[in-house]
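For the sequence shown, the numbering used here assigns the number 23 to the initial residue and increments by one for each residue that follows. We put the CB at the ideal spot given by N, CA and C, even for glycine. See structure below.
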Amino acid sequence: MRLNVKVISKVLGTLLQMNAGFMALCLPVSIYYGEHDLIAIALSSAITALVGFALKFFTRKLPDKELKKRDGYIVVTAGWIFMSVFGALPFVLSNSIPDFTNAFFETMSGYTTTGASILNDIESVPKGILFWRSLTQWIGGMGIIVLAVAILPFLGIGGMQLFVAEAPGITPDKLQPRIQDTAKRLWLIYVGLTIVEAILLYFGGMTIYDAVNHSLTTMATGGFSTKNASAAHYDSPFIQYVLIVFMFLAGTSFTLTYYALKRNFKKVFKNEEFIVYSIFTIIIAIIVTITVFISTDSGLEKSFRDSLFQVVSIITTTGFVSADYTAWAPFLTTLFFILLLVGGSAGSTAGGVKVIRHVVLFKNSFLELKRQLHPSAVIPVRISGKAIDQGVVSNVLAFIMIYILVMIVGVILLSTMNIDFDTAFGAVATTLGNVGPGIGNVGPLDNFYNIPAPGKWLLSFLMLLGRLELFTVLMLLSPYFWKKN
């Protein structure tokens, strides 16, 4: 099998140049606040841009070939790794996170929108670096690859293979016949909602700096905050309800958001995944509210707000914290751990298993009972009234099986590093699901600083694995992928 080295290098070079451009956006922030991170950001941007240029320049004379599906998988996985390596430069060069392992972990957590952090004092970090930290999540939220799909036609490269690799298995409906138009429309919605949220947060009492940062990480379902106490720093019902609404929207398929903006509400409310996602969130929020109201001295509104906030934050894999849910009741700690495995909607910026996969799994399991009684009958799984292909069902079953297996192996490996079971389980579940806070010593009031270096590299790999939905990365590790046709 021959790889299209020229096209792969061209795309990776373009991604790094885009990354450098986003880094440069942090320079005005650094200049305005007069902090010491200016040179580090400028140097990081220059290095990233030069490497990106070199990747394109030194492969320019290689023969042009069509971008194949295998090339697409390599570009997606390598793109995320390259972005994280160079994205860590501002942290290292500014001495905000001098250790490269920690810097890479923080950056991978950003691009994969996980929100797991090693920073013990976020508020002491220079404003320009914190803005870059938020930007990494915003870039990764919709996927730097999807953004590249929107501009690749100008480079003479088709992008369908990238979109398939970015979201294997069950994917959202195309909004337009051409994938480039789809990506552009998704980004317009993404940018628009980010701006609207920032305006609302600003009028709710946040500074413009904090409002922009929190809107960037909310729409990415990333959860990085500029405050040590996360969203709990703002004891404002208005701010927290705004965050709840936009976390929920970010965890909803952007395809459905597009239909809603076009006033095609019939398509929205007939979508089975959206119905399950909404009803499940409401039911769990009610259960948590009742438990918190009974077991604590919080008033009803406060109990409801904190409960709804944390339920939405965990289900959408955002990871913002308004209260320490592990201190409420043992029952709720178990419940929130289960929520780490749920995930948002397919076609959203949320991580996790995704609601649609759970729906397919449960429907297929119950239908299997009927198939046992009627072995000759053809009984397909139906989603939103439409029968889905058996190959999709098999894909879902394989995904969930591999997901569980990866979790087990991850917990075993972390346990060999002298990490207790609760922390190991919580760390693996939250990084693989791209959630952020977990349980044990990586709970909502703790972070990942004390995880040993090998553990951070393992968890970084799990973040990448979860963000690219397992198959994209694992396929590269398969001997079948590298066999000659």
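**OP:** Would you tell me roughly how many angstroms separate the C-alpha atoms of Thr243 and Ser252, rounded to the nearest one?
**Re:** Between the alpha carbons of Thr243 and Ser252 lies a gap of roughly 14 angstroms.
**OP:** Tell me where the alpha helix (DSSP H) around Lys324 begins and ends.
**Re:** Taken as a continuous stretch (DSSP letters only), the alpha helix (DSSP H) holding Lys324 covers Leu322 to Ile337.
**OP:** Along the alpha helix (DSSP H) that carries His236, what are the first and last residues, could you check?
**Re:** Unbroken alpha helix (DSSP H) run through His236: Ile230 to Met241.
Original post:
In the structure shown, what three-state DSSP assignment does Lys292 receive?
Top reply: In this structure, Lys292 counts as coil in the three-state DSSP scheme.
**OP:** Give the DSSP-derived three-state secondary structure of Lys90 in the structure shown.
**Re:** Correct three-state label for Lys90: coil.
Original post:
What residues match up with Ala110 in a beta bridge as DSSP calls it?
Top reply: According to DSSP, Ala110 bridges with nothing at all.
Subject >> Contacts around Gly366, its chain only, beta-carbon distance under 8 angstroms, and the 5 residues preceding and following it disregarded >> reply: Once the five neighbours on either side are set aside, the close Cβ partners of Gly366 are Thr243, Ala272, Gly273, Thr274, Tyr299, Ile337, Thr338, Thr339, Ala372, Gly373, Gly374, Lys376 and Val377.
Original post:
Taking Cβ to Cβ, would you say Ala446 is nearer than 8 angstroms to Leu436?
Top reply: Inclusion of Ala446 and Leu436 in the CB contact set at 8 angstroms is warranted, their separation being smaller than that value.
Subject >> Where the alpha helix (DSSP H) through Asn41 begins and ends >> reply: In the DSSP assignment, Asn41 falls within the alpha helix (DSSP H) that extends over Val27 to Ala46.
Subject >> Same chain only: Cβ atoms within 6 angstroms of Asn235, ignoring 5 sequence neighbours per side >> reply: Correct list, in chain order: Ser156 and Thr248.
Subject >> Buried versus exposed call for Lys32 [16 or more other C-beta atoms within 10 Å across all chains shown] >> reply: Buried, by the Cβ-count rule.
Original post:
Identify the residues that DSSP records as bridge partners of Ala205: which are they?
Top reply: Answer by DSSP bridge pairing: none, since Ala205 is not bridged.
Original post:
Would you say Gly366 reaches chain B, if we count a Cβ-Cβ gap shorter than 8 angstroms as a contact?
Top reply: Looking for chain B here will not work: only one protein chain is present.
**OP:** Can you tell me the Cβ-Cβ gap for Asn41 and Glu145, rounded? I've got them flagged as a contact below 8 angstroms.
**Re:** At roughly 26 angstroms, the Cβ-Cβ gap does not stay under 8 angstroms, so Asn41 and Glu145 are not in contact.
Subject >> Neighbour-count burial assignment, Ser317, 16 or more Cβ in a 10 Å radius >> reply: Answer is exposed; the Cβ neighbour count stays below 16.
Subject >> Rounded separation between Ile519 and Trp160 - CA only >> reply: With the chain covering only 23 through 507, there is no way to say anything about residue 519.
Subject >> Any 3 or more C-beta pairs closer than 8 angstroms across the region 277-297 and the region 352-371 >> reply: Yes: the two stretches touch, three or more of their Cβ pairs being nearer than 8 angstroms.
Original post:
Taking C-alpha atoms, which residue in Phe225, Lys288 and Ser335 lies nearest to Leu265?
Top reply: In terms of CA proximity to Leu265, Ser335 leads the group Phe225, Lys288 and Ser335.
Original post:
What residue ranges within the region 110-150 form continuous alpha helix (DSSP H) runs of no fewer than 4 residues, ordered along the chain?
Top reply: Within the region 110-150, the complete alpha helix (DSSP H) runs of at least 4 residues are 111-115 and 122-133.
**OP:** Please name the residue in Phe331, Lys284 and Ser398 whose C-alpha comes closest to that of Val267.
**Re:** Closest by alpha carbon: Phe331.
Subject >> Residues that Ile405 bridges to, as DSSP identifies them >> reply: Answer is Lys408, bridged to Ile405.
Original post:
Which stretch, first to last residue, makes up the alpha helix (DSSP H) that contains Tyr528?
Top reply: Here the chain has residues from 23 to 507 only, and residue 528 is not among them.
Original post:
Taking DSSP as the reference, what is the three-state secondary structure of Gly366?
Top reply: Per DSSP, reduced to three states, the secondary structure at Gly366 is coil, with no helix or strand assignment.
Original post:
From what residue to what residue does the alpha helix (DSSP H) around Lys505 run?
Top reply: Looking at the DSSP string, Lys505 is not in any alpha helix (DSSP H), and its letter there is neither H nor E.
**OP:** Go ahead and label Pro175 buried or exposed: buried means 16 or more other beta carbons lie within 10 angstroms of its beta carbon, across all protein chains shown.
**Re:** Because Pro175 carries a pLDDT of 44, less than 50, the predicted location of this residue cannot be relied on, and the following value inherits that uncertainty. Classification of Pro175: exposed, given that the 10 Å Cβ count is below 16.
Original post:
So, are the CB atoms of Ala345 and Asp328 less than 8 angstroms apart?
Top reply: It is a contact, given that the beta carbons lie within the stated cut-off.
Original post:
Which whole-angstrom value describes the C-beta separation of Ala125 and Ser131, a residue pair presumed to lie in contact below a C-beta threshold of 8 angstroms?
Top reply: In this structure Ala125 is not in contact with Ser131, their Cβ atoms being roughly 11 angstroms apart against a cut-off of 8 angstroms.
**OP:** Name the residue from Ser500, Val314 and Ile360 whose alpha carbon lies nearest to the alpha carbon of Ala349.
**Re:** For Ala349, the nearest C-alpha among the options comes from Val314.
Original post:
Which same chain residues, not among the five before or five after Gly35, have their C-beta less than 6 angstroms away from its C-beta?
Top reply: Cβ-Cβ distances below 6 angstroms link Gly35 to Gly74, Leu77 and Lys78 in the same chain, with the five nearest sequence neighbours on each side left out; the list follows chain order.
Original post:
In the structure shown, what three-state DSSP assignment does Ala351 receive?
Top reply: In the three-state reduction of the DSSP assignment, Ala351 falls in the coil class.
**OP:** Compare the beta carbon distance of Met105 and Tyr133 with 8 angstroms and say whether it is the shorter of the two.
**Re:** In this structure, Tyr133 lies closer than 8 angstroms to Met105 by Cβ.
Original post:
When you compare only the Cα positions, how much space is there between Val428 and Ala233?
Top reply: Take the alpha-carbon of Val428 and the one of Ala233: they are about 37 angstroms apart.
Subject >> C-beta atoms of Ile30 and Ile96 nearer than 8 angstroms >> reply: Yes, they are a contact pair.
Original post:
How many Å lie between Pro474 and Ile441 at the Cα?
Top reply: Looking at the two C-alpha atoms, the distance is approximately 9 angstroms.
**OP:** Pull up the CB-CB distance for Leu490 and Phe421, whole angstroms please, since I reckon it's below 8 angstroms.
**Re:** 12 angstroms between Cβ atoms; not a contact.
Original post:
What whole-angstrom Cβ distance do Gly455 and Leu363 have, given they're in contact under 8 angstroms?
Top reply: With a contact defined as Cβ atoms closer than 8 angstroms, Gly455 and Leu363 qualify at about 6 angstroms.
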